[in-house]
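Here's the structure, in structure tokens; my notes come after.
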Amino acid sequence: MEYRKLLVAGFMLICLAIPVLSDDDVEIEVEDEEEVEEFEGRRDQMPPPEIEWENIKAVTKCRKRLTDDDTAGIHFVGKLASDGSIFYDSREDNVKDEWQSFPMGVGESIKGLELGILGMCKDEIRKVVVEPEMVKNGRHLFDPNDGKIPRGQKLIFEVELMQMGPNYIKGLPNMFKVYDTDKDNLLSHGEIKEYLIKDGTFGPDGPLVSKLAKEVIDKDDRDKDGSLTWKEFSGPKHDEL
Ligand SMILES: [Ca+2]
Ligand SMILES: [Ca+2]
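When you line the sequence shown up against this note's numbering, it's residues 39 to 279, in that order.
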């Protein structure tokens, strides 16, 4: 009798344990399925085979992965592969004092670095190894004349993706017209802000969106009247209004 009780108890334990285990399995599968749906059509945007990379910190579930249609905001440490010495650390750069942002796919950043961060999730940390022949471009990351990018050497970058945003240079037609919703041929702070809120990349209405909109205006507002004419606006626009 005792033996049968034990058997029953054992069986019940197994029954209890199986759903617990399979629940876990199901949960993981569901997450993966969601990921596949989210990233459909973008899965090919991972680094090409010639780029050596590995995730130091992976984010398994993210709303969006970095593509070459985005602007990337990264913090990174650049090291020489030969001796591991650091030639640049964006967190230590007191001149820029912020992460580095650049539109992807238009030669603003170092080619190998740019290819190596494709497919990253926000907050992910990735190590990217860049062979000497892929240490090209990068005019936006550093001043090309200040000698900070060691050319002709194999480099290692440890990159944290801080932010993704719309790529203002690539693939966006006439942003002047997109921004100018009241069609007065001037861009106002309010119009830029309205666009950023609708876009949603930088979150809902708040200080960040306001600040970014101000930056868009201030950067080009040569006569300091608080709005941008078509001539002042340096973003993507067609040849004429
Ligand atoms: Ca306007
Ligand atoms: Ca102006």
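Don't be surprised by glycine CBs; every beta carbon is placed ideally from N, CA and C.
Give me the DSSP bridge partner(s) of residue i.
| i | result |
| --- | --- |
| residue 164 | 93, 197 |
| residue 202 | 110 |
| residue 140 | 110 |
| residue 126 | 116 |
| residue 225 | 266 |
So, is residue i buried or exposed, given that buried needs 16 or more other C-beta atoms within 10 angstroms?
| i | result |
| --- | --- |
| residue 164 | buried |
| residue 94 | exposed |
| residue 59 | The pLDDT assigned to residue 59 is 38, lower than 50, so where the model puts this residue is not dependable, and the model offers no usable value. |
| residue 98 | exposed |
| residue 154 | buried |
| residue 295 | No information on residue 295 is available, as it lies outside the stretch 39 to 279 that the chain covers here. |
| residue 162 | buried |
| residue 272 | exposed |
| residue 231 | buried |
| residue 54 | Confidence at residue 54 is low in this model, with a pLDDT of 41, below 50, so the placement of that residue is unreliable and no value is reported for it. |
| residue 147 | buried |
| residue 152 | buried |
Look up residue i in the DSSP assignment and say whether it is helix, strand or coil.
| i | result |
| --- | --- |
| residue 240 | coil |
| residue 253 | helix |
| residue 259 | coil |
| residue 156 | coil |
| residue 188 | coil |
| residue 102 | coil |
| residue 248 | helix |
| residue 214 | helix |
| residue 274 | coil |
| residue 85 | coil |
| residue 232 | helix |
| residue 77 | Here the model assigns residue 77 a pLDDT of 39, short of 50, so the residue's position is not dependable and the matter cannot be decided. |
| residue 72 | With a pLDDT of only 37 at residue 72, under the threshold of 50, the placement of this residue in the model should not be trusted; the figure read from the coordinates follows. Three-state result, residue 72: helix. |
Excluding the 5 residues preceding and the 5 following residue i in the sequence, name in chain order all residues of the same chain whose CB lies nearer than 7 Å to its CB.
| i | result |
| --- | --- |
| residue 249 | none |
| residue 123 | 117 |
| residue 158 | 103, 104, 164, 199 |
| residue 270 | 258, 259, 260 |
| residue 196 | 94, 114, 115, 163, 165 |
| residue 283 | Outside the modelled stretch of the chain, which goes from 39 to 279, sits residue 283, for which no answer is possible. |
| residue 96 | 162 |
Leaving out the 5 sequence neighbours to the left and right, which residues in its chain are closer than 6 Å to residue i when beta-carbon positions are compared?
| i | result |
| --- | --- |
| residue 233 | 217 |
| residue 90 | 167 |
| residue 254 | 230 |
| residue 108 | 142, 202, 205 |
Ordered along the chain, which non-local residues of its own chain (more than five positions away) have a Cβ less than 8 Å from that of residue i?
| i | result |
| --- | --- |
| residue 241 | 247 |
| residue 83 | 103, 104, 105, 106, 156, 157 |
Would you say the beta carbon of residue i comes nearer than 7 Å to a heavy atom of ligand 3?
| i | result |
| --- | --- |
| residue 237 | As presented, the structure is devoid of ligand 3, carrying ligand 1 and ligand 2 as its sole ligands. |
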